[in-house]
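The sequence shown lines up with residues 1 to 100 when you count with full-length UniProt numbering.
This report concerns only the one structure given below.
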Amino acid sequence: MRKAALAWVLLLFPAIGQAADYQQIANMCVACHGSTQDSSFPSIPNLKWQNKPYLVEQLTAFKSGQRSDKTMSKVAQLLSEQDIEQLATYFYTLNHKGSQ
Ligand code: HEC
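Okay, here's the thing in structure tokens:
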């Protein structure tokens, strides 16, 4: 019984760690893009209403250098493909919660 409980904790911990990591990354995005996805800076686009495939495509383009911006290119280079997928899902879900 104890062993089973320990196995569960070990299984769950990496998942918890990952969720916290990407939440931290999301907080960084929000610092520029705004917490309601309405950016308060004229030079920073709103992420609001963007769909998930678009977000993935733009972040991948920044990462690969296909699209270039002095800030976003640096930000995107820090992200793994998995981060991009999770962040796109996060912002997409956030946007759709906001519209309900
Ligand atoms: C230091 C400020 C800053 C941070 C931090 C930042 N961004 Fe950006 N982001 C920008 C700017 C500026 C642009 C506009 C770039 C351009 O004009 O091409 C942009 C553009 C984008 C775009 C393209 C939007 C469009 O309409 O095409 C996406 C998607 C995006 N950012 C997502 C993110 C995500 C996800 C994060 C967090 C990992 C993030 N950004 C963090 C400043 C920032």
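Glycine included, C-beta positions come from ideal geometry on N, C-alpha and C.
Just so it is clear, the structure is predicted and the values come from calculations on it, not from any experiment.
- Under the rule that a run must span 4 or more residues, the alpha helix (DSSP H) segments found entirely inside the UniProt domain "Cytochrome c" (17-95) read 52-64, 72-77.
- Excluding the 5 residues flanking it on each side, S40 has same chain C-beta neighbours closer than 7 Å at G34, in chain order.
- If you check the C-beta of D21 against the ligand HEC, you find no heavy atom less than 8 Å away.
- For S43, the shortest separation between its Cβ and any heavy atom of the ligand HEC lies below 8 Å.
- Less than 9 Å divides the Cβ of S73 from the Cβ of F62.
- Beta-carbon to beta-carbon, L59 and F91 are separated by about 10 Å, too far to satisfy the 8 Å threshold.
- By the 16-neighbour rule on beta-carbons within 10 angstroms, A76 is buried.
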